[in-house]
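J.:
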Amino acid sequence: MSNFVYSGVPDPSAGVSNPGAAAAPSAASGLFQMLFLLLIFFVMMYFLVILPQKKREKQFKQMISEIKRGDTVITSGGIVGKVIDVKKDTLKIKSNNTTELEIAKVYVAKVIKNKEE
3 MSNFVYSGVP DPSAGVSNPG AAAAPSAASG LFQMLFLLLI FFVMMYFLVI LPQKKREKQF
63 KQMISEIKRG DTVITSGGIV GKVIDVKKDT LKIKSNNTTE LEIAKVYVAK VIKNKEE
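The numbering of the sequence shown is the numbering used here, which starts it at 3 and goes up by one.
Set out below in structure tokens:
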């Protein structure tokens, strides 16, 4: 393991006084090790960060596309309301008896389906 970590560092015991000692690893092998570690890092980042983010985006788009009149939504700002109109990019919600708000669909945090289906 120590050879792997210190592959580019010359061995201090293999100085000028020992001409028969093995030569230090070439720069090419150190470069390949670094590229291999970099590749492993990017593969790990893909599986740990990018793939789950794509999955969440897909679930969010599906949730937004399934919103219909009568569903209750909770916005990212905490407003709870019942959907009274659905447009392409916006929703009109009624938060209490008299207040109607038009919000962008991207601000919907959660959808509670209408139980009268």
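Cβ atoms here follow ideal geometry from the backbone N, Cα and C, with glycine treated the same way.
For Ile95, tell me which candidate among Thr74, Lys112, Val108, Ser78 has the shortest Cα-Cα distance.
T.: Residue Thr74 is the option with its Cα nearest to Ile95.
J.: Apply the 10 Å Cβ neighbour rule to Leu93 and answer buried if 16 or more other Cβ atoms are within range, or exposed otherwise.
T.: When all chains shown are included, Leu93 counts as buried.
J.: Taking the alpha-carbon of Tyr109 as reference, which of Leu50, Asn116, Ile81 has the nearest alpha-carbon?
T.: That would be Ile81, whose Cα lies nearest to the Cα of Tyr109.
J.: Determine the extent of the alpha helix (DSSP H) in which Leu40 is found, giving its start and end residues.
T.: Looking at the DSSP string, the run of the alpha helix (DSSP H) that includes Leu40 is 29-47.
J.: Spatial neighbours of Ile86 within its chain, please: CB distance less than 6 Å, with the 5 preceding and 5 following residues excluded, ordered by chain position.
T.: Excluding sequence neighbours, Ile86 sits near Lys94, Lys96.
J.: Quick one: what does DSSP say Lys115 is sitting in, helix, strand or coil?
T.: Coil.
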